[in-house]
Amino acid sequence: MPHELERFRQLLLDLGRERGDALAVEGDTERFTYKQVLAEVWLRAKALSAHPPGVLALALDNGPELLFWDLAALVSERACVIVPTFFSKAQVHHCIEQCGASLVLCQPVWEGVFSQLGFVQQESFWTRDLAAPVVLPAGTAKVTYTSGSTGTPKGVCLGADAMLRVAHELELASRPTEPQRYLAVLPLGVLLENLGVYAALMAGARVLLYPQAQLGMGGASQVDFKRLLGAIALSGAQSLILVPQLLMGLVTAIERGLMKVGPLRFVAVGGARVSPGLLARAEAIGLPVFEGYGLSECASVVALNRPGAMRRGSVGRPLPHVQVRIAEDGEVLVSGSVLLGYLGEAPASSAWWATGDLGYFDDDGYLYLDGRKKHQFITSFGRNVNPEWVEAELTQSGVIAQAFVHGEGLPRNLALLWPLDPGASDEAIEQAVQRSNATLPDYARVHAWRRLPGPLTAGENTLTANGRPRREAILQRYHTLLSDIQL
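One point on numbering: in this note's numbering, the residue at position 96 of the sequence shown is 248, and numbering is uninterrupted.
Written out as structure tokens, the structure is:
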């Protein structure tokens with residue numbers, strides 16, 4: 153058994169013995185103590201052992217049941233995939249076929265999909281016999297899916313040790329603030345959230361794990377902010393993990409007096425670039441925000457700001473279990489915690505993982521990111537622009553919810569925009585664009601823009617699973633809208 157996994161199993165046993173009566177997991181209708189969590193997990197591990205070896209797929213909403221089965225698969229060393237709740241039916245089909253799952257637990261809404269894939273219901277599970285089982289890299293504990301740039305995301309195979317090291321470092325990072333109530337905002341199919349929950353359990357905290365709809369989370373990018381902010385306030389959460397768009401909603405609500413910082417002690421943010429201006433706003437209202445950086449191929453978090461070691465605008469220093477260096481062309485390279493391989497491809501062999509992100513270190517070892525290497529465009533004046541930089545300034549203005557910036561080979565930079573308030577006037581959007589432009593050099597400014605006819609969504613394949621723009625798909629879908637802009 154991998155060393156970190158053995159340590160985690162022992163930790164669960166210790167918590168069950170030493171903090172047995174303390175509340176560990178709270179769902180929408182049920183609460184479980186650490187002693188009960190231990191019993192629930194081991195009961196499910198026993199149930200899994202009655203089935204032949206194979207990949208377990210969990211197509212369930214956030215809640216104690218999903219967590220218990222996930223932990224049961226982990227401690228019993230059965231490879232597991234948590235199917236993101238925001239995947240389309242086609243993506244679920246791709247995910248299940250690619251990973252070769254033979255055992256499934258799912259919500260009723262997905263039963264038709266699994267029936268079409270040859271699964272039959274057997275007690276609590278949906279099962280199938282595979283003529284030729286998919287061969288996973290040795291030691292695979294979890295298959296997680298990258299957001300990707302197409303409708304068929306790639307399956308990343310990770311070992312238990314790699315994931316649990318990250319969870320342990322997250323727990324250490326938040327330890328100075330001693331958070332005792334962790335609210336899982338993102339779906340557990342997002343690796344960062346999955347490991348955030350593990351970290352909270354390692355700390356002996358209480359995990360608040362509610363259905364996504366109860367939090368106002370309708371998918372990769374559809375959010376009912378009123379419901380989400382109400383849930384955060386009512387939960388008494390002391391720590392949580394957010395993506396930048398959710399952080400902006402939280403900061404704006406606090407600024408407007410709609411809610412208070414309250415008991416929040418540790419708010420980690422990642423998944424996309426965060427505007428320094430938004431971080432400054434969070435600091436001004438006393439919201440303890442810590443930006444980090446990671447990717448699925450490196451078992452999620454690679455670097456993180458933390459109490460006592462924070463530099464605004466950076467993504468923090470690398471975690472102790474990884475090494476990070478910058479290649480000659482500015483690309484961030486990571487070693488020490490990388491994937492075992494992609495599904496359907498040869499096992500990963502290089503000691504250093506090329507992240508595809510551009511970045512640099514300051515003299516104190518803090519890592520700064522300049523965006524994705526492949527997304528950088530060159531204007532007709534020969535200037536390099538990373539659109540993520542400009543988009544972050546636009547979307548964190550408090551007016552614009554989504555932004556797509558394009559300027560490859562053009563004399564002017566163009567943007568497609570969707571406002572936070574669909575009823576916002578063009579004048580309000582233009583003022584927000586001008587305020588953002590004031591923070592940018594002339595070559596990176598938005599010179600012309602158009603309002604999108606509707607929000608970008610994962611369902612329409614214009615957003616990735618974690619809410620980033622699918623650039624080629626957007627260019628194709630809105631070619632006419634962009635072409636009508638006079639250059």
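We put the beta carbon where it would ideally sit given N, CA and C, even for glycine. Bear in mind that the values here come from a model prediction, so they are computed numbers and not experimental data.
Other residues of its chain near residue i: CB distance less than 7 Å, five sequence neighbours each side excluded
i    : result
R629 : T614
G388 : R333 and P415
W221 : R196, L210 and L257
L639 : L562, P563 and R564
V265 : K241, V244 and H245
T298 : P305, K306, V308 and S448
Straight-line gap, residue i to residue j (C-alpha atoms, nearest Å)
i    : j    : result
C309 : P470 : 22 Å
L519 : Q583 : 32 Å
T632 : A420 : 39 Å
P440 : L343 : 22 Å
E321 : H246 : 33 Å
A336 : G534 : 44 Å
R597 : R564 : 9 Å
S301 : G523 : Unreliable positioning characterises S301 in this predicted model, as indicated by a pLDDT of 45, which lies under 50. A coordinate reading is not provided.
V537 : K306 : 27 Å
A283 : L456 : 44 Å
A500 : Y494 : 8 Å
A218 : L386 : Looking at the sequence shown, residue 218 is not Ala but Leu. Distance between the alpha carbons of L218 and L386: 23 Å.
A479 : G291 : 30 Å
G409 : L546 : 23 Å
M153 : T616 : 35 Å
R161 : G465 : 37 Å
A434 : A314 : 32 Å
F418 : V177 : 19 Å
Option in the options with minimal Cα separation from residue i
i    : options                   : result
L367 : K378, V359, L639 and L510 : K378
K294 : L491, L190, R280 and L562 : L491
L200 : Q274, A176, V235 and P154 : Q274
E612 : R603, R602 and I626       : I626
L430 : P472, G311, G550 and G482 : G550
L163 : F513, L223 and N214       : L223
R169 : E497, A191, F266 and A290 : A191
R622 : T304, D573, R477 and L157 : T304
A202 : A365, R230 and L572       : R230
Q554 : Q374, R458 and Y350       : Q374
I406 : F418, F529 and A436       : A436
R327 : S391, P285 and D514       : S391
V484 : D509, D514 and A352       : D509
Three-state secondary structure assigned by DSSP to residue i
i    : result
D522 : strand
G348 : helix
G511 : strand
W570 : strand
V426 : coil
E480 : coil
H599 : coil
K294 : strand
S240 : coil
S254 : strand
L639 : coil
R463 : coil
L212 : coil
T531 : coil
S301 : Residue placement at S301 cannot be trusted, given a pLDDT of 45 that sits under 50; what the coordinates show is reported in the next sentence. Coil.
W221 : helix
W504 : coil
T329 : helix
H203 : coil
Q188 : helix
L335 : strand
Close beta carbons around residue i, own chain, < 8 Å, minus the five adjacent residues each side
i    : result
V426 : P396, L399, E443, A544 and Q548
L634 : H558, L566, L568, R602 and L627
Q259 : A211, L212 and D213
V462 : Sequence check: residue 462 is Met here, not Val. Taken in chain order, the residues that qualify are F442 and G468.
In DSSP terms, what residue i is bridged to
i    : result
Q273 : W278
P141 : With the chain covering only 153 through 639, there is no way to say anything about residue 141.
R469 : L456
N589 : None; N589 has no bridge partner.
Contacting residues, own chain, Cβ-Cβ under 6 Å from residue i (five flanking each side not counted)
i    : result
L195 : none
D173 : T185
A503 : S487
P605 : none
T296 : V308, L343 and S448
S452 : V318, L343, L344, L347 and G446
Q475 : S487 and G488
R171 : Y186 and G356
L338 : E345
C-beta neighbour in chain B for residue i, strict 9 Å
i    : result
V542 : Within the model displayed, chain B is absent; a lone protein chain is all it includes.
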